[in-house]
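*Asks:* I have a structure here, written as structure tokens, and I will follow up with some questions on it.
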Amino acid sequence: MSNTTIHHFTDLIAWQKNHELVLKIYKITKNFPKEELFGLISQMRRAASSITANIAEGYGRFHSKDRIRFYLQSRGSSAELQNHLILAHDLKYLNDQEFEELKIISFEGYKIICGLINSTAI
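Quick note on our numbering: the sequence shown kicks off at 36 and runs consecutively.
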């Protein structure tokens, strides 16, 4: 997006990549055991949606320090979700292929958030 003007938080690659992850998390957790509805399912969905929500809120802030604070919160939610993915895989709620796909997207999203933080701090 370096050649494109950012007009809205949805133009941010960090938001786009992590939105893809949120949608996949919502879809895949539909197959988790129903007893996890208020446990791991809820935690994973909240962590995932918090990633993009904090990117959006940070984008809407005027001062760079405020933006960075929300982007850091987004990065923390990304790490939290990565932990939940490992747990879901270990509990056999995710097979190896599902886990690897989500892990790759999650790591990519995390790295892009780090870049967003660094570029905002300049």
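From the three backbone atoms N, C-alpha and C, an ideal C-beta is built for every residue, glycine too.
Near R96, what residues of its chain come up, given a Cβ to Cβ distance below 6 Å and the 5 sequence neighbours on each side ignored?
*Replies:* As a first step, residue 96 must be located in the sequence shown, where it is residue number 61. Same-chain partners within the cutoff: R102.
*Asks:* Among F44, K100, L126, whose alpha-carbon lies nearest the alpha-carbon of I86?
*Replies:* Position 51 of the sequence shown, counted from the start, is the residue given in the question as residue 86. Ranking F44, K100, L126 by Cα distance to I86 puts F44 first.
*Asks:* Give every residue of the same chain whose Cβ lies closer than 8 Å to the Cβ of L122, excluding the five residues on either side of it in the sequence, and list them in chain order.
*Replies:* Position 87 of the sequence shown, counted from the start, is the residue given in the question as residue 122. Cβ-Cβ distances below 8 Å link L122 to L75 in the same chain, with the five nearest sequence neighbours on each side left out; the list follows chain order.
*Asks:* Whole angstroms is fine: what's the gap from I147's alpha carbon to T155's?
*Replies:* Taking the sequence shown and counting its residues from 1, the one referred to as residue 147 is at position 112. Taking the sequence shown and counting its residues from 1, the one referred to as residue 155 is at position 120. Taking the straight line joining both Cα atoms gives about 12 Å.
*Asks:* In three-state terms, what does DSSP make of I147?
*Replies:* Start at 1 with the first residue of the sequence shown, and residue 147 comes out as number 112. Reduced to three states, the DSSP call for I147 is helix.
*Asks:* DSSP on F67, reduced to helix/strand/coil?
*Replies:* The sequence position of residue 67 within the sequence shown is 32, counting from 1. In the structure shown, F67 sits in coil (DSSP, three-state: anything other than H, G, I, E or B).
*Asks:* If L47 sits next to Y94, beta carbons under 8 Å apart, how far is it from one beta carbon to the other, in whole angstroms?
*Replies:* Counting from 1 along the sequence shown, the entry for residue 47 is found at position 12. Counting from 1 along the sequence shown, the entry for residue 94 is found at position 59. 7 Å between Cβ atoms; contact.
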